[in-house]
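Below is one structure, written out as structure tokens; the observations come after it.
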Amino acid sequence: MTFNIYDLTSFNQWVDKTLYDSLPAFWAMIIEMTLIGVAFLLFYALIGLFLVYAERKVCAFIQNRVGPNRVGPYGIFQTIADFIKLLMKELIPINKADKFLFNLAPFIVIIASFMAIAAIPFGLGLHAIDFNIGVFYVMAVSSLGVIGVLLAGWSSNNKYSLIGAMRSGAQIVSYELSVGLSMVTIVILAGSMQLSTIVEAQRDGWFIFTGHVPALIAFLIFIIASTAETNRGPFDLAEAESELTAGYHTEYSGIKFAFFFLAEYMNMFIVASIAATLFWGGWMPLHIGGWAGFNTVMDYIPPFFWYMGKTMVVIFIMMWFKWTFPRLRIDQLLKLEWKYLLPINLFNIILMALIVLLGWHF
Amino acid sequence: MNSESLILFFIVASVLVGGALIFSGLVAPRSTNPQKSEPYECGIPTQGKTWLQFNVGYYLFAILFLVFDVETVFLFPWAVIMKTAGIAAFIEIMIFFLILGLGLLYAWKKHALIWE
Amino acid sequence: MEDLFIISDAIQEEEYIINMGPQHPSTHGVLRFKVSLKGETVLGVEPHCGYIHRGIEKMCERLTYQQVIHLTDRLDYLSAHINNEAVCLLVENALQIEVPERVKYIRTILSELSRLASHQLWWCAFGMDLGALTTYFYGLRDREPILDIFEETTGARLLQSFNCPGGLMNDIHPNFIKRVKDYIVYFRKKLPEYDELLTGNVILQERTNDIGFLTLEDAISYGVTGPSGRASGFACDVRKHHPYSAYDKVEFKEILFDKGDTFHRYKARVEEMWESLKIIEQLIDNIPEGDFVVKMKPIIRLPEGEYYQRVEACRGEFGVYVLSTGDKYPYRVKFRSPNFSNLSAINLLSAGHKIADLVAISGSLDLVIPDIDR
Amino acid sequence: MNNEQLKEKIRSIDSNIEITDGPQYVTLSVSPADLHKTALMLKTQADLSFDYLFCLTGNDLTDACSVVYHLESFKHRHCIVLTVKTANRENAVLDSVCDIWITADFHEREVYDLVGITFTNHPDMRRIFLNEEDWVGYPLRKDYTDNNIVLR
Amino acid sequence: MNSIITYLKELFGGIKTLLKGMMVTGYYFVHPRSIITQQYPENRKTLQMFDRFKGQVSMPHDENNLHKCTACNICEINCPNGSIEVISKQVEKADGKTKKELDTYIYKLSMCTFCGLCIKVCPQDAIVFTPEFEHAVFNQDKLIKTLNKPGSSLKEKVKEPINII
Chain A
89 MTFNIYDLTS FNQWVDKTLY DSLPAFWAMI IEMTLIGVAF LLFYALIGLF LVYAERKVCA
149 FIQNRVGPNR VGPYGIFQTI ADFIKLLMKE LIPINKADKF LFNLAPFIVI IASFMAIAAI
209 PFGLGLHAID FNIGVFYVMA VSSLGVIGVL LAGWSSNNKY SLIGAMRSGA QIVSYELSVG
269 LSMVTIVILA GSMQLSTIVE AQRDGWFIFT GHVPALIAFL IFIIASTAET NRGPFDLAEA
329 ESELTAGYHT EYSGIKFAFF FLAEYMNMFI VASIAATLFW GGWMPLHIGG WAGFNTVMDY
389 IPPFFWYMGK TMVVIFIMMW FKWTFPRLRI DQLLKLEWKY LLPINLFNII LMALIVLLGW
449 HF
Chain B
-8 MNSESLILFF IVASVLVGGA LIFSGLVAPR STNPQKSEPY ECGIPTQGKT WLQFNVGYYL
52 FAILFLVFDV ETVFLFPWAV IMKTAGIAAF IEIMIFFLIL GLGLLYAWKK HALIWE
Chain C
6 MEDLFIISDA IQEEEYIINM GPQHPSTHGV LRFKVSLKGE TVLGVEPHCG YIHRGIEKMC
66 ERLTYQQVIH LTDRLDYLSA HINNEAVCLL VENALQIEVP ERVKYIRTIL SELSRLASHQ
126 LWWCAFGMDL GALTTYFYGL RDREPILDIF EETTGARLLQ SFNCPGGLMN DIHPNFIKRV
186 KDYIVYFRKK LPEYDELLTG NVILQERTND IGFLTLEDAI SYGVTGPSGR ASGFACDVRK
246 HHPYSAYDKV EFKEILFDKG DTFHRYKARV EEMWESLKII EQLIDNIPEG DFVVKMKPII
306 RLPEGEYYQR VEACRGEFGV YVLSTGDKYP YRVKFRSPNF SNLSAINLLS AGHKIADLVA
366 ISGSLDLVIP DIDR
Chain D
390 MNNEQLKEKI RSIDSNIEIT DGPQYVTLSV SPADLHKTAL MLKTQADLSF DYLFCLTGND
450 LTDACSVVYH LESFKHRHCI VLTVKTANRE NAVLDSVCDI WITADFHERE VYDLVGITFT
510 NHPDMRRIFL NEEDWVGYPL RKDYTDNNIV LR
Chain E
177 MNSIITYLKE LFGGIKTLLK GMMVTGYYFV HPRSIITQQY PENRKTLQMF DRFKGQVSMP
237 HDENNLHKCT ACNICEINCP NGSIEVISKQ VEKADGKTKK ELDTYIYKLS MCTFCGLCIK
297 VCPQDAIVFT PEFEHAVFNQ DKLIKTLNKP GSSLKEKVKE PINII
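Protein chains in written order, with the working numbering: chain A, 89 to 450; chain B, -8 to 107; chain C, 6 to 379; chain D, 390 to 541; chain E, 177 to 341.
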């Protein structure tokens, strides 16, 4: 196997070692933590701002429009301007709203998405925490966000919000299953639940290629289910602006609304990066068996770019969904899950297990 | 990094939200108006109680979800050792699947999968 | 144990009342639906209208017949030209004036163009009601050239006021025929896209099929006309059954379905766009030469009596009733607006469906609120 | 059926109905007491079957109020106009026809709202456009005055 | 068995229709030339309105500051909204006759519905529609316009007003 030129493990270890050598253990830990915290915070904010901009541009091009083009060249500072505007806007208190839960909801959605990011391997050795049950952890944390949505809708003292929250509840209990089961399919193939090991297992070929049809089906199901889990169109029933005006965040204003908005995009980023990690080999470059020269060239592209590129492709597909399809109705949403995705998923797992048992995978 | 450092992420996210809320509370204008803080209902004052009882349908789906989610939890350990455990574990999990599949079929036939 | 999955009515929920409108994205204007719900199921809908009632009928009593025309624009602003035409036809028929063939042809072409523009706007708004936001821009994109044609010839994009008793305010612009022909070629290419994007889409089919049934008897009894009525098999096309202007000279099909659900109301409008294209195609090459207006007396006085003129507006049958006492002002003017009757069926259509279906049903009825409130 | 045949047919059924020729349609005039009976006859008679009420207009004739019903038959494609004059103007009362043609439900509410004719047996006789609680008077009456009206 | 076939048929048929829709939007995404949006304030200089566009009523004056309005009031009578007010004055001519002449032609843009009746009935073609469309002002009073320019007077040799009432 080719030597990976962008291995960051030694760099991490070096930083760790220098800090602990030169400072007392407690302070070293504090500094290290702060560094990581600030780095992730910056990354989080940048990705959020970029995704909002990307969504606006993508939908504009799909709709024969130009999109934001006034603030900065091609409007790239538009989202920053929007963020500043939202920060300066008035926070309107709502009569008879449950104040505590109303304010708690944005915390929950942001914390859930921020904690999920911790486990994502951005490159070789470039991850905050490498759990041995990484898949499990991501599943658990990313579904926490919906508690925030439920709280937001429930505490707003608004009928539209409540209906939106109820829809969101029904949606999450259904689509959580499909996300989990399609992950099981990949875990069978990889034989591990550690995200870094799963990526490593795809060194010779991404699972979407080596896993035959079951991996492809699992990928499709994962994309559909995770789109639903992040409350994005065509599954955006919880906000459904033509029915419920703005659904669960109708009563949120200013920066509190901005957090829901940001969390939606970050959740999209998280599920897209999980999809890229599980199915498209994470930060692994594209290798084609036998083409040594091609493979070497591919290796020179840094893994972080590979990773981001794959994630962006998945995100683009999700945006493409949103700007093409009409919204489903709540009973159709559940019908899709329980009558289509779940049986297909169960069948798919058996198929994958058989393939692995018989050694048909590459 | 070890998994205890998850607390770090928790704290950083809380600081992000809390800090932004506090900052916004400082810089944002404030003007009170009795109509402004009314919940939005298309310009008409809300009639009756906002909080209502949940539909029974939610309860049914929650039960179904519980059944299948527990199943997923059972599936993960099997999935990890699938390659080493081999055919015996496969047959055992098939029986497990069969029972669950029958359960799903039963619910299907009983029209429990239709949202009311 | 048997009853585990049977949802019992033992827990009686309170009636949950939600106001949709007057400030709601899906009512397309200031209409208010008072919806009572059980869970997500609609038990009943009570429309409250009148938020933009301007008393146009009262205003007309103080205006001459020429001046009445510009107010009819403001009823159903998407079929402004057709509403104008109704008043003009009424005056012409009452005075027994034969307008030149050229006027008839131009009026018919402009009517069909407004029908196209209106149905395009309906199509994109309907997609938006269902959550497909992109349709809105595609519909508006295709509507833009029609508005340009209107602007070039009549001077206004929406409220044209182009008709006057005895003919038209102006002759057509020299570019008119070429532009219309170009547009037909353009739109024939774009119209199949509508089907690919929305009509065939499985989500739309699921959302609209078997939702909001309107039987033929109900359609007639409620007076639901236009494409909404024809989707139920109610052959109510005034163009066909009581032809006016040049409609007796063209061949077109009256789009009729017998199912009467939301999808067929959708389908009826999409099919009507094809028929409108056909009508325009038949007329555009044969506009006869002649005057664009008949010389009328400056002050029009209708003989004493009652007059009624019906035309096919974009949303159904539009009628003007005039009671004249021989004065230069009408004694009483009544506009029979299609949307008002169509709206009355909303409770029948949406009871028992979900909130999301209510949005789809009210979208498929294609309500224009100024026409309801008048 | 054309207008002549219609006239004959209606005469043969009820000779009391006053029939006049309008510019377009045959016009029947009935008394308020006969209104509902005649309307039901027009709808149910197999040869007439006027099942589509396409316009319902309330007029204020300064000495009385009148309501004009424009009817069409879906089956036979003929039209007819039915007019009825109330006995007095201030307290104008008529029978509702919304059990015959449901569309009359909304239209009669509109007439009640703007012209001030009360329809008996109507299930929901309320104002439809104007505010129920605080609107005084009926705008389409000729003697209606409003300080806010913009006179040309 | 049949139900399984219909189940699969529904599934794949559904996916096919969804892909068809995505093809349409995907086509426009990769064809940025199909963008139809106008960049409005930037294209002010090149923006060409149609000649017949009913922007606002105005009174053309020739190079000698002469207009054609005889103050016959026909437009004022025909306006359905009362947005035109013609104020005339009696002017003594050189030959001793007094003649009615236009003093101020007031046009209330805020009340105008652009029905075009004033222009159609004008016997002298003294007023026309011009295609200005940027009517936004900060004060409503600015929408009340005087159409005749200061110091303008009637062009000679115009047709005599026809009395139509």
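The beta-carbon is built from N, C-alpha and C at its ideal position, and this holds for glycine as well.
Secondary structure of residue 67 of chain B (DSSP, three-state): helix. Here the alpha carbon of residue 494 of chain D sits roughly 11 Å from the alpha carbon of residue 350 of chain C.
Between the segment 395 to 413 of chain D and the segment 65 to 73 of chain C, the count of Cβ pairs shorter than 8 Å is below three; the stretches do not touch. Per the DSSP secondary-structure output, residue 318 of chain C pairs in a beta bridge with C:321.
Judged by pairs of C-beta atoms under 8 Å, the segment 152 to 159 of chain C touches the segment 218 to 237 of chain E, as three or more such pairs exist. C-alpha of residue 310 of chain E to C-alpha of residue 209 of chain E: approximately 29 Å in a straight line. Contact residues of the segment 242 to 276 of chain E toward chain C are 250, 254, 255, 256, 257 (C-beta to C-beta distance below 9 Å). Per DSSP, reduced to three states, the secondary structure at residue 443 of chain D is strand. The beta carbons of residue 259 of chain A and residue 211 of chain C sit about 17 Å from each other, so the pair does not count as a contact at 8 Å. The three-state secondary structure of residue 251 of chain E, taken from DSSP, is helix.
Identification of chain B residues near residue 280 of chain A by a Cβ-Cβ cut-off of 9 Å yields 71, ordered along the chain. Distance from residue 387 of chain A to residue 283 of chain A at the Cβ level is roughly 21 Å; contact not present, criterion being Cβ atoms closer than 8 Å.
With contacts defined as CB atoms closer than 8 Å, residue 359 of chain C and residue 45 of chain C qualify as a contacting pair.
Exposure of residue 179 of chain E is indicated by the presence of fewer than 16 other C-beta atoms within 10 angstroms of its C-beta. Residue 177 of chain E has a beta carbon lying at 8 Å or more from every beta carbon in chain A. In this structure, C:195 is the residue among C:195, C:302, C:356 with its C-alpha nearest to the C-alpha of residue 201 of chain E. Under the three-state reduction of DSSP, residue 307 of chain E is assigned to coil, being neither helix nor strand. The distance from the Cβ of residue 168 of chain C to that of residue 117 of chain C is about 15 Å, inconsistent with a contact at the 8 Å cut-off.
Per DSSP, residue 404 of chain D lies in no alpha helix (DSSP H) and is assigned neither H nor E. DSSP, reduced to helix, strand and coil, places residue 139 of chain C within a helical segment of the structure shown. By the Cβ neighbour-count rule, residue 324 of chain A is buried, with 16 or more other Cβ atoms within 10 Å of its own. The secondary-structure analysis by DSSP pairs residue 341 of chain C across a beta bridge with C:324. Residue 177 of chain E sits in coil when the DSSP states are folded into three classes, being neither helix nor strand. If you look at residue 532 of chain D, you'll find it isn't in any beta strand (DSSP E); DSSP assigns it neither H nor E.
When secondary structure is reduced to three states using DSSP, residue 210 of chain C falls in the helix class.
If you look at residue 71 of chain C, you'll find it in the alpha helix (DSSP H) that goes 70 to 77. Here DSSP, grouped into helix, strand and coil, assigns residue 414 of chain D to coil. Within the segment 426 to 439 of chain A, no residue has a Cβ lying closer than 8 Å to any Cβ of chain C. Restricting attention to alpha helix (DSSP H) runs no shorter than 4 residues, the segment 393 to 439 of chain A encloses them at 418 to 423, ordered along the chain.
Here DSSP, grouped into helix, strand and coil, assigns residue 21 of chain C to strand.
In the displayed model, residue 178 of chain C falls within coil according to three-state DSSP, outside both helix and strand.
For chain C, the residues of the segment 326 to 337 of chain A that bring a beta carbon within less than 9 Å of one of its beta carbons are 328, 329, 330, 331, 332, 333, in chain order.
Distance from the CA atom of residue 129 of chain A to the CA atom of residue 2 of chain B, rounded to whole angstroms, is 11 Å. Closest by C-alpha distance to residue 47 of chain C, out of C:352, C:377, C:368, C:371, is C:352.
Look at residue 197 of chain E: its C-beta is under 8 Å from a C-beta on chain A. With 16 or more other Cβ atoms inside 10 Å of its own Cβ, residue 254 of chain A counts as buried.
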